[in-house]
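**Q**
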Amino acid sequence: MRTTAFLTDSTLCIGCKACEVACKEYNDVPADGYVFTGRSYDNTLHLGHSTWRHVAFVEMDTALGVGGNAGEQITWSFVSDVCKHCEHAGCLEACPTGSIVRTDVGSVYVQPDVCNGCGYCVVGCPFGVVDRRPSDGRAFKCTFCYDRQRDGEQPACAKACPTQSILFGEIDDLRAHAQQRLDTLRSRGIDDAVFWDSGHTSVGGTHAMFIVRGDPEAYNLPANAEVPTIYLRDGWRSAAAAALIALAGTAAAFLARRTTGIG
Amino acid sequence: MSTTYYDVQLLKPPVWTWEVPVYFFVGGAAGGAAIIGSIAEWTGTSGHLARDARILAAAGAPVSAALLTADLGRPARFVNMLRVFKPQSAMSVGSWTLASFSATTTGALVPALTTVAGPTSAALGAVMLTYTGVLIGATAIPVWNQNVRLLPVHFAASGVASAAALLTLMGHDDDALNDIAMGAAAAETIIGAIIETKRSAATRPLRHGPTGWVIRAGGVLSGPLPLLLRATSKRPGWRRAAGAMALVGSLLTRLGWIAAGRESAKMKG
Chain A
1 MRTTAFLTDS
11 TLCIGCKACE
21 VACKEYNDVP
31 ADGYVFTGRS
41 YDNTLHLGHS
51 TWRHVAFVEM
61 DTALGVGGNA
71 GEQITWSFVS
81 DVCKHCEHAG
91 CLEACPTGSI
101 VRTDVGSVYV
111 QPDVCNGCGY
121 CVVGCPFGVV
131 DRRPSDGRAF
141 KCTFCYDRQR
151 DGEQPACAKA
161 CPTQSILFGE
171 IDDLRAHAQQ
181 RLDTLRSRGI
191 DDAVFWDSGH
201 TSVGGTHAMF
211 IVRGDPEAYN
221 LPANAEVPTI
231 YLRDGWRSAA
241 AAALIALAGT
251 AAAFLARRTT
261 GIG
Chain B
264 MSTTYYDVQL
274 LKPPVWTWEV
284 PVYFFVGGAA
294 GGAAIIGSIA
304 EWTGTSGHLA
314 RDARILAAAG
324 APVSAALLTA
334 DLGRPARFVN
344 MLRVFKPQSA
354 MSVGSWTLAS
364 FSATTTGALV
374 PALTTVAGPT
384 SAALGAVMLT
394 YTGVLIGATA
404 IPVWNQNVRL
414 LPVHFAASGV
424 ASAAALLTLM
434 GHDDDALNDI
444 AMGAAAAETI
454 IGAIIETKRS
464 AATRPLRHGP
474 TGWVIRAGGV
484 LSGPLPLLLR
494 ATSKRPGWRR
504 AAGAMALVGS
514 LLTRLGWIAA
524 GRESAKMKG
């Protein structure tokens, strides 16, 4: 199989949420209630066990002459967030059962028949994506529609997207496409568009890449996410030292008292 | 002030409930007891102390397993923990450690197996003491990963302190046991001072709000108070009081660190 990815281009997103709906319907993801957040038109707020695509609504001050907005109006920017399917995935490394695996298309998949709901992937994810579903007990996140991909179909969200804001394809093709798209946007005077894939950190790049305008942090795409396995070396070194001190200290206490007892 | 998305938290808070910090407490005490039991026997100090410590370790192991199983979303699938061994997952290392620790601490109670199972249970006990620090240290939660070097030492001291405390409360008054408890209390005193003085945005939940007070109370009860009691008097009553304090302190420490992780997930790195 080929190595696939998403490129989600926020400059093309119209905030219709068809991706959220298509994902929920195709994957049979449960409803998450009727919540009014007051955060623009976003009543979902974040990815979770019952939200595998999430459209963020970012309101920004207008840049006059860009996007055709009148000066007194705000500029709206949307982006459809999704599991990043990291190259070095914190959830996958953390999973003690081997439930979370790397698929042949390069995505990160939670096998529901293996997961025992230990919850360690939840704190292993630097993007706050995977979560345990209280009503079920297991961890859930985007499957990258692995079943559809096996049948030669694209993921439901990409299929449903009416503006091709969500592109699906070979990862290298999409990377090249992203650079062309940024050049096109710049030639049109849109200088604040950036490419995001966490490639410069220990995450080592993601299979869900984004083009957004402005600061990616405004879309909850962190600048410097790290895969938690980078902390293991310091942790185990410290654990080894502490274990030796505990063993040696205990032995010293007993030996010292024995000597004084005899002497 | 950095840019945020409506201040919506990026990280997911830990889903663990009370069972996990209580397991850290029980597993740590059992690990410490296995070490004390094995070394007491090896040095031929006190047969009674060695026996009680080993019983404590062997009893702590199944309680630990029960607590961890209860916290699973699918408890019936607890055996999946032993489906693979992944050194890069502290949870996997811990599951295998606990499984072998259970076997060896029980084995150490059987006279014919003691010579092999005893020292092995002490070595595994040392892993039980420390791995939980790596477990929460190697996560995306800032207050935990920023303290990844401190946590294994902190939890080891806490585990040894609670094992010594339990044995003291069971009526053991050996000077060696008292020395061990004082060593652990001294370590906890230093660690408490480090927590209070290390000031960064990520470590805020360790000093502020309800989690800060739980950690602080745990620190005072684990460190300076029992150290002072044990240093000033040899009376068994004082030593027992010090033991009771250290026990409560260790439990509060574990509860405090997990609660601090929940707070930390709400804040930006």
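Here the protein sequences line up with chains A and B, keeping their order. Just so we're aligned, residue 1 is where the first sequence starts under my numbering, counting upward by one. Just so we're aligned, residue 264 is where the second sequence starts under my numbering, counting upward by one. Ideal Cβ positions, reconstructed from N, Cα and C, are used throughout, including at glycine. Keep in mind that this is a model prediction, so the values were computed, not measured.
Measure how close the beta-carbons of B/Ala320 and B/Gly300 come, nearest whole angstrom, since I'm counting them as under 8 Å.
**A** Indeed they touch by this definition, with Cβ atoms about 6 Å apart.
**Q** Are the CB atoms of A/Cys161 and A/Cys19 nearer to each other than 8 Å?
**A** Yes, they are a contact pair.
**Q** At least one CB of chain A closer than 8 Å to the CB of B/Ala505: is that the case?
**A** It does not; no Cβ of chain A falls within 8 Å.
**Q** How should B/Ala523 be labelled, buried or exposed, when 16 other C-beta atoms within 10 angstroms of its C-beta is the threshold for buried?
**A** It is buried - the Cβ of B/Ala523 has at least 16 other Cβ atoms within 10 Å.
**Q** Any contact of the segment 454 to 468 of chain B with the segment 266 to 278 of chain B, i.e. 3+ C-beta pairs under 8 Å?
**A** Short answer: they don't touch.
**Q** For the segment 209 to 239 of chain A, enumerate the residues whose C-beta is nearer than 7 Å to any C-beta of chain B, in chain order.
**A** If the cut-off is 7 Å between Cβ atoms, the segment 209 to 239 of chain A has Asp215, Glu217, Ala218, Tyr219, Asn220, Pro222, Pro228, Thr229, Tyr231, Leu232, Asp234, Gly235, Trp236, Ser238, Ala239 near chain B.
**Q** In chain order, which continuous runs of the alpha helix (DSSP H) of length 4 or greater are located wholly inside the segment 365 to 437 of chain B?
**A** Segments of the alpha helix (DSSP H) lying fully in the segment 365 to 437 of chain B: 377 to 400, 405 to 408, 413 to 432.
**Q** Please classify B/Gln351: is it buried, with 16 or more other beta-carbons within 10 angstroms of its beta-carbon, or exposed?
**A** It counts as exposed.
**Q** Would A/Ala218 pass as a contact of B/Thr368 if the rule is Cβ separation under 8 Å?
**A** Contact flag unset, no.
**Q** Leaving out five residues on either side along the sequence, give the residues of the same chain with a beta carbon under 6 Å from the beta carbon of A/Val203.
**A** If we look at A/Val203 and ignore the five residues flanking it on each side, its Cβ neighbours are Cys86, His88, Ala225, Val227.
**Q** The alpha helix (DSSP H) spanning B/Val285 covers which residue range?
**A** That run of the alpha helix (DSSP H) goes 282 to 305.
**Q** Excluding sequence positions up to five away, which residues of its chain have a Cβ less than 6 Å from the Cβ of A/Pro30?
**A** Correct list, in chain order: Ser50.
**Q** When the Cα of B/Leu387 is compared with those of B/Val326, B/Gly446, B/Ala375, B/Ala293, which residue comes out closest?
**A** Cα-wise, what sits closest to B/Leu387 is B/Ala293.
**Q** Answer yes if the segment 425 to 436 of chain B comes into contact with the segment 396 to 411 of chain B, meaning at least three C-beta pairs across the two stretches below 8 Å, and no otherwise.
**A** Counting Cβ pairs under 8 Å, fewer than three are found: no touch.
**Q** Out of curiosity, what's the CA-to-CA distance linking B/Gly307 and B/Ile453?
**A** Between B/Gly307 and B/Ile453, the C-alpha separation is close to 32 Å.
**Q** Go through its chain and collect everything with a Cβ distance to B/Arg353's Cβ below 7 Å, but skip five positions before and after it.
**A** One point to set straight first is that residue 353 of chain B is Ala, not Arg, in the sequence displayed. If we look at B/Ala353 and ignore the five residues flanking it on each side, its Cβ neighbours are Tyr394, Val397, Leu398, Ala401.
**Q** Please list, in chain order, all residues of the same chain as A/Cys16 whose beta carbon is under 7 Å from its beta carbon, the five residues on each side excluded.
**A** Excluding residues within five positions, the ones whose Cβ falls inside 7 Å are Pro162.
**Q** Whose C-beta lies closer than 6 Å to the C-beta of A/Ile74 among residues of the same chain, with five residues either side of it excluded?
**A** Here the set comprises Glu59.
**Q** Beta strand (DSSP E) containing A/Glu87: first to last residue?
**A** Careful: A/Glu87 lies outside any beta strand (DSSP E) and carries neither H nor E.
**Q** Where A/Thr201 and A/Gly90 are concerned, what is the direct C-alpha to C-alpha distance, given to the nearest angstrom?
**A** The straight-line gap from Cα to Cα measures roughly 13 Å.
**Q** Helix, strand or coil for A/Leu47? Go by DSSP, reduced to three states.
**A** Coil, per DSSP.
**Q** Quick one: what's got a C-beta closer than 7 Å to B/Thr377's C-beta in the same chain, skipping five residues either side?
**A** Only Ala371 meet the Cβ criterion.
**Q** Bridge partners for A/Ala253 per DSSP, in chain order?
**A** DSSP output for A/Ala253 lists no bridge partner at all.
**Q** According to DSSP, what are the bridge partners of A/Thr8?
**A** A/Ile166, A/Phe210, per the DSSP bridge assignment.
**Q** Sorted by chain position, which residues of the same chain lie with C-beta nearer than 7 Å to A/Gln164's C-beta, five sequence neighbours on each side aside?
**A** Cβ neighbours of A/Gln164 beyond the five flanking positions: Leu12.
**Q** Let me know the alpha helix (DSSP H) ranges lying completely inside the segment 107 to 167 of chain A, each 4 residues or longer, listed in chain order.
**A** Taking only runs of at least 4 residues, the alpha helix (DSSP H) segments lying wholly in the segment 107 to 167 of chain A are 120 to 124, 146 to 150, 156 to 160.
**Q** Taking beta-carbon pairs under 9 Å, can you tell me which members of the segment 117 to 146 of chain A lie near chain B?
**A** For the segment 117 to 146 of chain A, which is checked against every Cβ of chain B, the residues closer than 9 Å are Gly117, Cys118, Gly119, Tyr120, Val122, Val123, Gly124, Cys125, Pro126, Phe127, Gly128, Val129, Val130, Asp131, Arg132, Arg133, Pro134, Asp136, Gly137, Arg138, Ala139.
**Q** Does DSSP put A/Asp42 in a helix, a strand or coil?
**A** Here A/Asp42 sits in strand by DSSP.
**Q** Counting only the same chain and skipping the five closest in sequence on each side, list residues whose C-beta sits under 6 Å from that of B/Gly482.
**A** Counting only Cβ-Cβ distances below 6 Å, and skipping sequence neighbours, we find Gly455.
**Q** How big is the Cα-Cα spacing for B/Leu440 and B/Leu361?
**A** One C-alpha to the other measures close to 25 Å.
**Q** Under 7 Å, CB to CB, which of the residues in the segment 31 to 57 of chain A have a partner in chain B?
**A** Per Cβ criterion, the list reads Arg39, Leu45, His46, Ala56.
**Q** By the three-class DSSP mapping on this structure, what secondary structure does A/Arg181 have?
**A** In this structure, A/Arg181 counts as helix in the three-state DSSP scheme.
**Q** Kindly list, in the order they appear in chain A, the residues whose Cβ is closer than 7 Å to that of B/Ala423.
**A** Residue 423 of chain B is actually Val in this sequence, not Ala. Those are Ala246, listed as they occur along chain A.
**Q** Kindly indicate if chain B contains any beta-carbon less than 8 Å away from that of A/Arg175.
**A** So, not an interface residue.
**Q** Leaving out five residues before and five after B/Val283 in sequence, what residues of the same chain have Cβ atoms less than 7 Å from its Cβ?
**A** For B/Val283, where only same-chain residues beyond five positions count, the Cβ hits under 7 Å are Asp334, Ile521.
**Q** Give a yes or no on whether 8 Å exceeds the smallest Cβ distance from A/Thr97 to chain B.
**A** So, interface residue.
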